[in-house]
């Protein structure tokens, strides 16, 4: 029995399957090719999946106001214990600035504890924008890319709004970021 032609067909089928799976794991795109992240998608049954922690309710992630930001007292106190602490990079739902119900899970550097159940942080991006602060690389990015902190939005994150802890930022990088934020946002140290 010859294995010549059948192997090529099997390989083509496997390649097509792998490509379909790869595309399914990537972000959806609209017809213009822009990346979209609407709310949770309905499954095959039509039921919506459970909302991401920090997306809705009392524990929803939100922007802090100017007075709340000035009242922050940043500190470096990481303790990998299941709750977000200053100096840790965690993952939570971050609403888009348009406040239209859309957003996405993002890594966030926690910079201060607000009270017993909430912290303040700024989201990280692998895209460098004007005014963003480099935090270097870390385990929060699976591809090891440099990340940049957005100083434009300081977020209130409920402990229950954290999806998972990421990694601890070293003290020197944390202090550099907080010094930049303090200068730009009027945070007293």
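Residue numbers (my numbering): 288 to 476.
Backbone N, C-alpha and C fix where the C-beta goes; we use that ideal spot for every residue, glycine too.
On a predicted model such as this, the values are computed, not experimentally measured, just so you know.
Does the pairing of the segment 435-451 with the segment 349-359 give three or more beta-carbon distances under 8 Å? Flag = yes, the segment 435-451 and the segment 349-359 touch.
Mapping the DSSP letters down to three states, classify residue 464 as helix, strand or coil. Per DSSP, reduced to three states, the secondary structure at residue 464 is helical.
Which residues DSSP lists as bridging residue 378, in chain order: In the DSSP output, where bridge partners are listed per residue, residue 378 has 394, 451.
Would a C-beta distance cut-off of 8 Å place residue 394 and residue 380 closer than the cut-off? No, they are not a contact pair.
Assuming residue 453 and residue 376 make a contact with CB atoms under 8 Å, what is their CB distance in whole Å? Indeed, because the Cβ distance is near 4 Å, the residues count as touching under 8 Å.
Please report the straight-line C-alpha distance between residue 457 and residue 385, rounded to a whole angstrom. The alpha-carbon atoms of residue 457 and residue 385 are separated by roughly 32 Å.
Where residue 419 and residue 400 are concerned, what is the direct C-alpha to C-alpha distance, given to the nearest angstrom? The straight-line gap from Cα to Cα measures roughly 22 Å.
Terminal residues of the beta strand (DSSP E) in which residue 407 lies: First-last of the beta strand (DSSP E) with residue 407: 405-412.
Whole angstroms are fine: how far does the CA of residue 437 sit from the CA of residue 417? Cα to Cα, the separation comes out at about 9 Å.
How close, in whole Å, do the beta carbons of residue 423 and residue 433 come, if the pair is a contact with beta carbons under 8 Å? About 6 Å; that satisfies the 8 Å criterion.
Count the other C-beta atoms from every protein chain shown that fall within 10 angstroms of the C-beta of residue 312, then say buried if there are 16 or more, exposed otherwise. Here residue 312 scores only 44 on pLDDT, less than 50, and its place in the model should not be relied on; the value that follows carries that caveat. Answer is exposed; the Cβ neighbour count stays below 16.
Whole-Å CB distance - residue 356 paired with residue 374, under 8 Å assumed: With 8 Å as the limit, residue 356 and residue 374 do not qualify as a contact, their Cβ atoms being about 18 Å apart.
My parser needs the beta strand (DSSP E) runs of 3 or more residues fully inside the segment 416-451; what are they? Runs found: 420-423, 434-436, 442-445.
Whole-Å CB distance - residue 339 paired with residue 450, under 8 Å assumed: Right, the Cβ-Cβ distance comes to about 6 Å (below 8 Å), so this counts as a contact.
Residue 466 versus residue 429 - alpha carbon distance: Answer to the nearest angstrom: the Cα atoms are 27 Å apart.
Under the three-state reduction of DSSP, which class applies to residue 353: helix, strand or coil? Residue 353: helix per DSSP, three-state reduction.
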